[in-house]
Every structure is written in structure tokens, then in C-alpha cells.
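Okay, so here's the structure we're looking at.
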Amino acid sequence: MKEKNTPLCIFLITLLVCASLLSSGCTGTEGSEVTEENPGSNTLVLGEMWEIDSINAADGDGGTLICEKAAITETLVGAKPDFSLKPGLATSWEQLDENIWEFKLRNDVFFHDGSKMTAEEVKDSLENVIAENPRVDSMLKIASMEVVDDYTLRIETSELNPILPGVLHYPDTAVISPSSFNEAGEYVKPVGTGPYKFESFDEQTRVLTVVKNENWWGGEVGLDRMVLKGMPDPNTRAMAIENGELDFTVDVLYSETDRINKLEGINVEKYKTPRVYKIDVNLGNEPLEDVRVRQAMSCAIDRYEITEHILYKVGEPAAGPFLPSMVWANKDLQPYTRDLEKADELLTEAGWVDTDGDGIRDKDGKTLRLNLLTYSARPGLPPMAQAMAAQLKEAGIDVETEVLEMGAIYDRREKGNWDLYLAAYNIAMVPDPEYVLSNWYMTGGPDNGPGYSNPEVDSLIMDARKLTDLEERYQKFNEVEAIVYEEQPMIIVAYYGCAIVKKDYVKGYVFDPTAHDYRINADMYIEK
Amino acid sequence: MDNVFADRFRREDFLPQPGEYGGDFVKRVFQRKDMLFALAALVLFAGVALFAPLLSPYDPNAIDLKNKNLGPSEGHLLGTDYLGRDLLSRILIGARISLSIAFGVVLISLFVGIAAGCAAGYYGGLVDESVSRVIDIFLSFPGVIFALTIVGVLGSGVFNLMLALSIVQWARYARLMRGQVLTLKKQEFVLSAVTSGAGDFHIIRRHIVPNAIAPLLVLATIDLGHVILSIATLSFLGIGLPADIPEWGAMLSAGKEFMRTAPHQTIFPGLAITFVVVIFSILGDGIRDILDPHHEGGEMY
Amino acid sequence: MRYFLKRLGFMALTVFAACALTFFLMNVIPGGTAELILKHTFVGLEESATEEQLNQISSRYNLDDPLYLQFFRWVKAAIAGEGIGTSYVFRKPVLYLLALRLPATIQLAGASMAIAVLAGVSLGIYSALRENRISDHILRVATLFGVSMPCFWVALLLILVFSLKLKLVPVAGYGSLENLFLPAVALSLHSMAAVMRVTRTSMLETLGQEYIRFAKAKGLPLRKIISRHALKNAMLPVVTVIGFQMGNLLGGTIEIEKIFAWPGIGSLLVDSISARDLPVVQGCVLAIVSMFLFVNFLIDMLYTRLDPRIRYG
């Protein structure tokens, strides 16, 4: 009996495995069939760089995806390539007094459900995102909103908030129709005003499909349909577009951009995005307190070599926190160039000399040894950290790089157990210089990791807040930039780049430098 | 010259002393050509690991961005990596780190696993149930969580990584050992030892462990390579060693980004790992063949 | 019957302990939970968070309550059948997310296991029968190579060969059998090598035993000896190894899912850990541990069948 049972048992197990496999295989196929089988002639398949987790327009990632990458929703305020504001769904805005703003809305905009967009819907939509998203809430600082007439919305802020129009360019504030919610008030799908309409989101495969909005107020829309697939691995994105599964993707491995550009039918374009690679310097630590040490470090780093060999030119050396193309940037600043002699001079002046001949400087028996924290979510960071450590070592500063998980970094930073922290920070979350400068450099600012405090900087920013004339405001901010360029509480290394990879038959794409990663424009079309 | 594994276990009294049946053991090792070859290779690797700083032509961490991603050439025998570091030097220095992590993890897990497995299988009852539950948890629990916790709490480093990997590995040995002990316990030579009044520890040491250990050693040899691969996997997920420690698995993982533009960056560390896996597998097989008590005369049936 | 009930009880206990362990570990991992949730959901990893925003998140998810209370609340809801929490990131019930993602993982792990067992056992037997002949050596060397390459590396190579060079299957995606092929093969390689090794080892061991020699001497045909006697005894360690490999496979799915954009539970787990999406991590651990225990339960049943010397109860 036993002998007979054994093979039977094994057979049964195998059968069970196969059965479970088949059954799950069958259920799996149903969902994605629609999008896979009838792509249509004018369909663009897009390989998105992050996992598509959320299609909620009020979420950080979801909002960016829905507004910028899927082009379903639009914001009240737009931005030109030099980051100055331009009309979006709002035609104009005016600051009536310190805390009261009036926005005039377009009167020809329809939601995808056919209803007209009026001030009432805009108010509801903003109220929703304020309730849902604590970050937007704290940036808008809205106390109350009042519908003056169908196309006029009056906003009262709880305190002076000159960046309000800039915040209304932030994708999470994009306007959605009340029909985005079901009767119970739960968010179901994004119903916006943009060039593309939401068609489906397969929650299992996380594929988002949008179709052309025939009645877009902005005119003709180029594509019939767009399929967005989340592909978090850059290697996979590269191979998928090479294999013809994608028409458009971004940020393949930097080292592969040149190889892929040479392939038949695919082209790669490199752009700067509003994000910088920068090192926070812990000013609470004794050697780094000294401005000369920080300047010396900035002189020891070879920004050109890093952008050339680590970023493969997807990115450029940076001087200050703003892109030179930004209208408010201080154009006089030039990136620190590598100058080991100057670094040596500065460090020697500060008292750091290599007395024991081990190649590392020391002072009063203490060696100049620092740690450099970074994370791996952005592929340029770990190699950049290592390269900079090597460059700093040539100047006699011993730097140990540590690649950590985000949570561990927050923990270390909170406890003050760090010297240098390399990260990629967004510099135009809001297209206004005040946001970044006050967050980074003002005493106690939320992004002021170094603990920098300079009364002059603080008062310049406070003064600028009260100015309504843009030229004068920008003048103040230029001064701030010049001061922090001199003092280097944060060592700004390079501008972040974005590599757009697309098939040659994708035409009409225009890169929008104000987008968070990239923006899909309505004029894109396919010409085979 | 002797086999590391057998040696190690002999020292821990798991295996009979050479005097008892080990003279034979050495003779048998020398009779097998493949084992001799593997042993020679192992000695070579150990030598490389020991004398790596003297042998390596460059500083393994010297970065030279202008000469990055170079293929093998006279100046750099195995080429350079994505930061322009000499690959040969990194692999040589990496031998020491990779091998010590691998041995550390396997030895810790083997020791803990044998102890837990024996306790569970031999004593049965409540002991078995509780140990088995713990084994179940550790076996089924996603190892990533442990690795993240340990590296997160203790920081990244060679020893912490060893700890993180051992915590995941030991349960496999324990389970295998338990299965072995369950089978052996019912067998005559053990039963007769019990009736003759031998102590538990004596029975476990003399009868159970030597008879049960062969499959564990096979598993251990496979694991020596696996551990290095696990490090590669952890690096893939962004947890692992500090970036400038030249460890084979981490090198492999970092090199995958260049697998199409500069494939030598993954091929060479990959070959180094493969080579080590081959050596230990041959040795493991050999140990099994030689130590297998069933071949010795078969008390089984 | 009593044994079954007892066994089920123990399984429930193990699952509970695993959940408690997860809860504990997730709270030990450094990094303020509220901060990570905020950054993952609303702000972006590198951006700043104000005290006010953090407080809002903490109170929304009751993160300031003592840990035991949080855990107790979770257990209570789970036992009462109210579900096992709601994801911070997805804002969906965890059970719903698991129902979406689990089939993909089961499919992938099941296919890999089937490949590993079928190929591993047959190659193992073949190799044992031809011990030390050329085909045995070739097979063993091949497995050595298979086992010494990391999963992600194999996966990338397979894509290069089968998708880009031969254009047989798509690079990434989910849904059809075509999509399943590469990830399943890449994932099965290690387990296949392990199963093969153990099959070979234990086959050799069994074949070396006296009753087999005796049967041989008696003149029984080799096929009959193998299927009747050797296989059964040789299967014992193989079955154990299959149990081990199940855990390995479930762990290995993480990288494979990332590379092939496969919508399974492994990548969900890793992403949720880094986002500190505790309810989802709990849910994933619950699912993975239960799956593992169930498979092992089956294997233990098989074990008793294969070796009558072991008896439970």
C-alpha cells in the first residue's frame, strides 16, 4: 500500500501546484486584456519611473502623476520655462490687501463629466486637498474662501503668504470635479479638465489608461490614448523601450544614455530639472563650524568631473540653489571650480595641517574625519558620494560614506550623529524663490538641516516677504544667494538631470523644466 | 593540511577524533582527485585573502574617474569599475571580506541550528513543539525585515551583516537537523544506547550528531556561496555594506547597472563567487562520501 | 483528527507570534514612523516636514498610542473579522490589497516551484544513476553555475537573450503565460539546483544501501528498484528541501517582482517597509507566513506517508 501511495502523493502535490498556477493565471489575464490587445494607432505607451501606487489627485505622488504625467487635471496657475507664473485655469490674480487674494477663472472650461468649471467647484476641490494633504495645507495657509461670482474666487490667508499663486501651481492643488467622489464622499477616480480623460486604472497590474479629451479648452489633443505603466527598475525601462514595448520613458541608467541614443529609432534628450544634488553640512560639529573648512571642501570637490563621469552629463555643475534659467536666479554666481591649492590655504589657515604625514589633516591631536550619509533611491547618489569622498581625501579630509535606508538617515540626523548628508532636493516645489530660501537658510527653517543661522539672511527674507514688486523681491533674494554662496552651509554640487527616452516617431514633445519629473504636453503625437 | 570543515567540527566534538577513524579520513581525502584539487584551490584562496594587501597592484578604493569602466588591459588586468577603481585589487581584497562573512554566517547558523534541531528532535514533546514553532517563524518570516531592522538599529557593517544573515539562516539547519534526529531516534543503535543507560548528551554527541550531520554539511557548503549571493541581493534592495567595502556580492550588485556597457564589472566578481561555490561544493560532496556512516558498515538494517 | 486540530492551533499561534514580531521589529527600525508616512504619501522623500504636519499624521493613524494598545486594536479588529487595517499609502483595506497582489505571487512561486521540482528531481535521479560519468559532471557543473549567480543577474541575462535577442517574450508585464515564463525560470534556478543536489545525494545514499544492493543482486530491473524502493526513501530529504525552498522562493520574489514589474506581494512588502506602511507590512507577513506554514503542513503530511518510522499524534 505504501509503495503505491508515494508516487501518487507526489503527483497530487504537483497537480495542486499546477492547478493553483493555472487558476491564478486565468484570473490574471482578464484585467489587462483590454489595454494589451487593442492599442490603436495613436496610442502612446509610457514607462513611468515610479510604481503607480495611487491615483488620488490629493496625494503627493498621485497628484504629480495625475496632473503632470497623465495630464488629466490642471492647476489654476501655470509656469513658463523661466519659472515665472502664467495663467492656467485662472486667467489673472491680484493681491487685494495683505491677506486677501482674488482669482479670476476661465469661463470656458468643462470637466470631463461635461459639467462646467465654476468658482464653486474650484473651492470644493481646494477644500478637499487642504483636508487630505497636510503639506498643501501648510503651504497654502488658507483661512477661508469666498465665491464672489461664477468665475471669481476670493481667498483669505491666515497670514501674509506671498507664495500663494506659486503654491497653486503645485500639482496636488489641481482642480477636480465633485464627480471624482462617490455618494459616500470617497474618492473614486480623477475627473479633471485636462487634455486627457481618465479611462481605467487596473489596480492589480497598476496600469493607468487615459484617452483624448475631445473638448479640451486648450485646443486639439495629439494622442488618442496613453497607457502609463509603472516600471521602477531603470534597467527594465531601458530594455522595454529597446524591445518596442514602450514609446516613451525617462531616466534609464545614466551610463546607458549614450548607448541607447545610438540605437536605431530611439533618441535620448538630457535636460535639467528643478532639483539639486547638495550636501548638508552639520554646523553643530566642531570642524564644520568653521566657514573656511566648508569653503575648502567646496573647492576640493570637482563638480565637472562628477557630472561628466558619474552623471554622464545628465545634470550640470551648480553654483547656487537655483537654475540659471530661473528668472530670479543670481546669475553672477559661478560653480566653485576645483582648486586644491586654495583648499590647502584655507584649511591651513583654519589650523588643519597634516602633522603626522598620514595624508589626513589634524589639529590639536584630532584628525579631520567626517562621515557622509546618503541613500540609494536616486541612482546618482551613492557613486557621487564615493567620488566626492575620494576628492576630499586628496585635500586631506577623510570622509567615510554610508549608504543608508531613509528611516535610518532621519534617525541619525535627528540625533545629530552625522557630518555630511548628500541628497537631491527639489528647488521649485513652488515656483517662487522664497519657498526654498526660507526653508533652507532661515533660522529654524524646516529644511535647514545644517542648523544655519545668519541674522542678515533672516532679515533679507523677511523684508522680501513684504515687497510686492517682483524685481525688488528678487534683488533681496539674490543677496541671500550671494551670502550663502560665500558661507557654504550647504555645498551645492550639481543640478539634477532628466533623460527623456522616446521613439523617433513620438513628435511634438516639449520638455517642461518646471515639472517635478517630466510633464506630458497635449501637443505630443505619434507619426509612424 | 586538512579539511576546514571536518576540522572545525572535530574541534567541537561533533565528529570522531582523527585517532578513532580519522587517519583513514586523511587517506581518503588524498585518494580523491577532485577534493585534492578543491583543497589546493581553497588554500590558494585563503592565501590570496591573507596576503591580499601585498598582492593587489592598486589601492582598492583609489578612485580615478577619468579611467572608469575600462576593459581588461595591461595596466589593469581585470579592468576598472564605474569609479575607475582597479577591479583586480578589489577582488583580491574582497576575497578576505567575502570569505569571512560566508564562514561566519555558516558557522554561526550551523552551530545554533544543530543545537536547536537536536533539542527539538531528541527530546520531543513540549521542547519540540516550542522549538519547532520558533523555527517555523524564522523560516517563514521575510528575512528582509530582519536585515532592515538589524542594519537599521546597529548600522551597516561587516559584523552586523553577518548577524542579519545568520538570523535568517540558522532555522534551515535546525529544521533539517530535527528531521534527521527524528529518523535516527527510532533506530536500533540509538535505542540500544538508550536502554544501556547512556546519558542524553553522550547519545547526541556520539550517535546522533555524527550520523545526522552529512546532509547538514551538504547544505552548509551550498550556503557558503549562497551567503555571498544574499549580500548581493541585500545590496540590490539597498541594504548592505558601506559603499566602499570591496565585497564580491556588493560589487556584483553595483556592477549590474553597467552590464551592457562594461560587462566585465559583473563577470569577474561573479566568477570569483562561482569559483568559491564550486570549491565548497566539491569539498562538501567529498565530506559526505567519506563521513557517511552508512558506507562504514551500515548499522541501519 | 486530534492531531490535525492541534496542528492547526499551533499554526495559528505561529502566525500570531510572527505578527507580533513584525509589529515589534517595525517599531524598532529607526526613523520616525509618522515622518516616513508623511514623506511617502504627501511630500516626497527628500522634502521637509513640519511639526504640525507630523502631529496631524500621528493623530490620524493613532501613532501616539502605546504600542501594545495599537497592536491590541489590530488583533481585535482582525479577530472580529473587521479586516486587518487600512493602508496608509494606498488608503485601501489591506485585505483588498492582498487579494489584488497575492494571486500574482502564488502564480509566480507556484510556477517556479513546479519547474524546480520537476526538473530538479529528474535531473537529480539522472545524475545519481550516472555517478561520476561525463553527463553527471556536466550536470553538476551546470547546477553550480546556476546556483552561483544571483537571481537578479540571471533575470537580466534571460531578458537580454529571450526578449531582446530572440524576441520571444516581452521584457516586463503581467497577465499572460508569456509574461510568466522569464520570471518563473529566473526564480526557479536556485531551488532547482538545490533540489537536484539533494535528490542526487540522497539517491546515491539510498542506492548504496544493502537492501538495494541485495535487490540488485537478486536481479531486479533497475527501473523497478528505483521506482519501488530507492525513490521512496530518497524522497525524504528532498521533501524537506522543497519545504525550505518555499521560503526561499517567497523571499526571492522580491527582486524578481521589481525587475519584471510583477504586481506581487514581495515588492509590496519591501515598499511598505520603507514607507513604514505598518498595516500592509503586517498583512504581507500574515499572508507569507500562512502560505509557508500551509505548504509545510502539506509537506509534513507527505513526510509521514514517506517514512512510516515517523509518526505524529
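Same order as they appear, the protein sequences are chains A, B and C. Quick note, the first sequence lines up with residues 1 to 528 if you use the numbering used here. Quick note, the second sequence lines up with residues 1001 to 1301 if you use the numbering used here. Quick note, the third sequence lines up with residues 2001 to 2313 if you use the numbering used here. Built from N, CA and C at the ideal position, the CB exists for glycine as well. What you are looking at is a predicted structure, and each value in this text was computed from that prediction instead of being measured.
- As the crow flies, the alpha-carbon of I1287(B) is around 12 angstroms from that of I1279(B).
- Under DSSP, the beta-bridge partners assigned to D280(A) are Y421(A), M490(A).
- For A57(A), not one C-beta of chain C is nearer than 8 angstroms to its own C-beta.
- Per the coordinates, the alpha-carbon of S2274(C) lies some 29 angstroms from the alpha-carbon of H169(A).
- Across the set I2288(C), A2155(C), G2031(C), the C-alpha of G2031(C) shows the shortest separation from the C-alpha of T1149(B).
- Per DSSP, the unbroken beta strand (DSSP E) holding W101(A) starts and ends at 100 to 105.
- For E405(A), the neighbours in chain B by C-beta distance under 8 angstroms run, in chain order, L1148, V1151, G1152, G1238, I1239.
- The three-state reading of DSSP puts M524(A) in coil, since its state is none of H, G, I, E or B.
- Distance from the Cα of M2196(C) is smallest, within the candidate group G2283(C), G2120(C), S2135(C), for G2120(C).
- Close partners of L253(A) in chain B (Cβ separation under 7 angstroms): E1257.
- Taking a cut-off of 8 angstroms for Cβ pairs, the region 2254 to 2267 of chain C and the region 2189 to 2208 of chain C do not touch, as fewer than three such pairs fall below it.
- Not flagged as an interface residue toward chain C: D512(A), since no C-beta distance is shorter than 8 angstroms.
- The closest CA to that of E94(A), considering only D82(A), R369(A), E203(A), V77(A), is found on V77(A).
- Residues of the region 417 to 438 of chain A with a C-beta atom less than 8 angstroms from some C-beta of chain C are A423, A424, Y425, N426, M429, listed in chain order.
- Contact check for G1225(B) and V2295(C): beta-carbon distance about 25 angstroms, past the 8 angstroms limit, so the pair fails to qualify.
- Counting C-beta pairs closer than 8 angstroms gives fewer than three between the region 215 to 234 of chain A and the region 480 to 496 of chain A, which falls short of the contact rule.
- Residues of the region 1258 to 1281 of chain B with a Cβ closer than 7 angstroms to any Cβ of chain C, in chain order: M1259, T1266, G1270, I1273, T1274, V1277, V1278, S1281.
- About 13 angstroms separates the Cβ atoms of P321(A) and V430(A), ruling out a contact at the 8 angstroms cut-off.
- Look at M226(A): its C-beta is not under 8 angstroms from any C-beta on chain C.
- Here R412(A) is buried. Its C-beta has 16 or more other C-beta atoms within 10 Å.
- Using a C-beta cut-off of 8 angstroms, the region 63 to 70 of chain A makes no contact with the region 491 to 509 of chain A, since fewer than three inter-stretch Cβ pairs fall below that distance.
- According to the DSSP assignment, N2055(C) belongs to the alpha helix (DSSP H) that extends over 2051 to 2060.
- Interface annotation, Q386(A): in contact with chain B, CB-CB separation under 8 angstroms.
- For K212(A), the closest alpha carbon among the candidates K197(A), K331(A), D332(A), S138(A) is that of K197(A).
- Going by DSSP, L372(A) is part of the beta strand (DSSP E) stretching over 369 to 374.
- The C-alpha of E98(A) lies about 6 angstroms from the C-alpha of L160(A).
- Residue burial is scored here from C-beta neighbours: F2004(C) has fewer than 16 other C-beta atoms within 10 angstroms and is therefore classed as exposed.
- Taking Q295(A) as reference, the option from W101(A), L460(A), I306(A), D344(A) with the minimal CA-CA separation is D344(A).
- In the pairwise beta carbon analysis, the region 2060 to 2080 of chain C is classified as touching the region 2014 to 2033 of chain C: at least three pairs are separated by under 8 angstroms.
- In this structure, P162(A) keeps its C-beta atom at 8 angstroms or more from the C-beta atom of E487(A).
- What L2189(C) touches in chain B, judged by beta-carbon distance under 8 angstroms, is nothing: the nearest beta carbon there is about 11 angstroms away.
- Listed along chain B, the residues sitting closer than 8 angstroms to S376(A) by beta-carbon distance are G1238.
- Within the DSSP bridge table, the entry for E156(A) names I100(A), S144(A) as partners.
- Close partners of R259(A) in chain B (Cβ separation under 8 angstroms): R1260, T1261.
- The straight-line gap separating the alpha-carbon atoms of V1048(B) and F2145(C) is approximately 22 angstroms.
- Taking the C-beta atoms as reference points, L373(A) is found nearer than 8 angstroms to L404(A).
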